[in-house]
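Undergrad: Handing you this structure, nothing more for now.
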Amino acid sequence: MTDKFLSLNGKKFYYDEIASYSFRDSIPLNGYESKTLEFCRSWLNGVQEFPIQTSGSTGVPKTINLTRTQLEASARRTIKLLQLQPADHTLVCLNTEYIAGMMMLVRGFVADLQMNIVEPISNPLTLVSPDEAIAFASFVPMQLHTILQETPERLEQLNRMKGILVGGAPVTPTQQRELLQIQAPIYHTYGMTETCSHIALRKLNGPNAADYYNVLDNIQVGLDKRGCLTIKGDVTNNELLVTNDIVELLTPTRFRWIGRADNTINTGGVKVQTEKVELAIAEAFVDNDTSPRFFIAPQPDEVLGEKIVLIMEGEKLQQEEEQQLFERLRPLLKKFEMPKEVYYSHSFSETATGKISRQRTMQKLGLRTD
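Going left to right, the sequence shown walks through residues 42 to 411 as our numbering numbers them.
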């Protein structure tokens, strides 16, 4: 372990130093660097259980404990899929205090990869030399979008990778179209903190691109009575995990994601899936040079019980622009699926992992969240 090291924000740390924290008085650290190195120290010293906080994008954040065995089992599946080899370079640019970033560290240790860890900013490649041959990286959709928009000259660096993971948020139609220019295989992940990140992957580019997820080896999936996905495997300690994700189970190892059970809006006695409406709105914005962030939510209505409202980030659209948006939506949605009102927020509240906090954003606007 003597000569092994990782790079963190351009600073070199040898594994022996990390394990003993012998660098603490000689190298100044910011809070993110300290937290990252604390996890690395625990891992190198053989700690068997790790507390980690869920993201809080769909509810109140909570802390759960994951075992070393669970984390290693998850890491090995990704390493095998992407055929990662010792000394391959990996870019870690997701928040390491949450499962997606933490698992990048675990994969680095398990596969003996050369890790380059940087702050989780919108364009992490600006923190990396264009000459570095990165074999593997994981991004949120916004990061890949920013890289392609702001630094198109980095496309070749992306193309040379063995594999790219993208997760943490839906991939919009605009983003999916952008990703087709990347030659390296890109996989949209399905998973959560409780499953040590992804348990299924969807190919986004190339000849095997699909609208469904393929379940990874030795993970069992099924449906509960609500039509929600259930998961069982070594990453769940072989306990049955019941999710709130409504899926269409195509085969025992393949499913199409529909949306979350708690994102169903009952409007006038008809159940509408939030994600379906949001996809249509994203498609309506495809031809725009820029598209604002947005989401759909229910609000009380005396006649319908619940009405569908659209909440958009940024300046209010002109009346004509708003009308054009609804004209583009009409062929895509049924009458009862159409938003009844539009609200605007100057800036959306976010979770620590950069996801939209719908609840806090709605509270800022004085909207009902229950």
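Note that CB positions come from ideal geometry on N, CA and C, so glycine has one too.
#1: Taking F389 and E354 to be in contact with their CB atoms under 8 Å, please state how far apart those CB atoms are, rounded to whole angstroms.
#2: Around the Cβ of N307, are there at least 16 other Cβ atoms within 10 angstroms (buried) or fewer (exposed)?
#3: Look at the alpha carbon of L374 and the alpha carbon of P165, and state the distance between them as a whole number of angstroms.
#4: For the pair the segment 151 to 165 and the segment 109 to 128, tell me if three or more CB-CB distances fall below 8 Å.
#5: Report the option in A250, M143, E280 and N106 whose CA atom is closest to the CA atom of R82.
#6: Look at the alpha carbon of D129 and the alpha carbon of R148, and state the distance between them as a whole number of angstroms.
#7: Can you look up T99 in the DSSP assignment and give me helix, strand or coil?
#8: By how many angstroms is the C-alpha of L112 removed from the C-alpha of G87?
#9: Pop quiz: F80 and L146 are said to be a contact at Cβ under 8 Å. What is the actual Cβ separation, rounded to whole angstroms?
#10: Whether or not the segment 367 to 382 and the segment 310 to 325 are in contact is what I'm after, with contact meaning three or more pairs of Cβ atoms, one per stretch, closer than 8 Å; do they touch?
#11: Kindly indicate which three-state DSSP category T192 falls into: helix, strand or coil?
#12: Looking only at its own chain, which residues have a Cβ that is under 6 Å from the Cβ of N136, when we skip the five neighbours before and after it?
#13: Which residues bound the beta strand (DSSP E) around T215?
#14: Can you name the start and end residues of the beta strand (DSSP E) that T284 belongs to?
#15: If you scan the segment 118 to 176 from start to end, which runs of the alpha helix (DSSP H) of 4 or more residues do you find wholly inside it?
#16: Out of curiosity, what's the CA-to-CA distance linking R295 and F64?
#17: Buried or exposed for I158, please, with buried defined as at least 16 other CB atoms from any protein chain shown within 10 angstroms of its CB.
#18: Who are the near neighbours of S115 in its chain, counting only those whose CB is closer than 7 Å to its CB and skipping five residues on each side?
#19: So, using beta-carbon positions, are S170 and T187 closer together than 8 Å?
#20: Checking 8 Å against the spacing of the C-beta atoms, do K348 and Q340 come in under that value?
#21: Could you compute how far the alpha carbon of T402 sits from the alpha carbon of S67?
#22: Quick one: grab the DSSP three-state call for R243.
#23: Given A250, which residues of its chain have a CB within under 6 Å of its CB, disregarding the five upstream and five downstream residues?
#24: By DSSP's criteria, Y384 is part of a beta bridge. Which residues make up the other side?
#25: Looking at Y384: is its Cβ nearer than 8 Å to the Cβ of L408?
#26: To the nearest angstrom, how far is it from the Cα of I205 to the Cα of T110?
#27: For S61, count the other beta carbons within 10 Å of its own beta carbon; 16 or more makes it buried, fewer makes it exposed. Which is it?
#28: Taking the alpha carbon of T104 as the reference point, which residue from E235, K53, I175 and L257 has its own alpha carbon closest?
#29: Leaving out the 5 sequence neighbours to the left and right, which residues in its chain are closer than 7 Å to Q89 when beta-carbon positions are compared?
#30: Tell me which same chain residues have a C-beta within less than 7 Å of the C-beta of R334, skipping the five on either side of it?
#31: Within its chain, find whatever has a CB closer than 7 Å to the CB of E58; leave out the 5 residues flanking it on each side and keep chain order.
#32: Are I175 and Q198 close, meaning C-beta to C-beta below 8 Å?
#33: Could you check the C-alpha separation between Q124 and A225 for me, to the nearest Å?
#34: Just to confirm the assignment, what range does the beta strand (DSSP E) spanning M233 have?
#35: Less than 8 Å separating the beta-carbons of C269 and D258?
#36: With DSSP run on the structure shown, which of helix, strand or coil describes Q261?
TA: In this structure, then:
#1: 5 Å
#2: exposed
#3: 37 Å
#4: yes
#5: M143
#6: 11 Å
#7: Confidence is the limiting factor: at T99 the pLDDT is only 46, short of 50, which leaves the residue's position unreliable and the question unanswerable from this model.
#8: 13 Å
#9: 6 Å
#10: yes
#11: coil
#12: G142, P161 and T394
#13: No beta strand (DSSP E) holds T215; the alpha helix (DSSP H) holding it covers P214 to L220.
#14: L282 to T292
#15: 140 to 152
#16: 47 Å
#17: buried
#18: M144, C237, S238 and V276
#19: no
#20: yes
#21: 42 Å
#22: strand
#23: K244
#24: I352
#25: yes
#26: 24 Å
#27: exposed
#28: E235
#29: T108 and R109
#30: E354, F389 and I397
#31: F64
#32: yes
#33: 13 Å
#34: I227 to M233
#35: no
#36: strand
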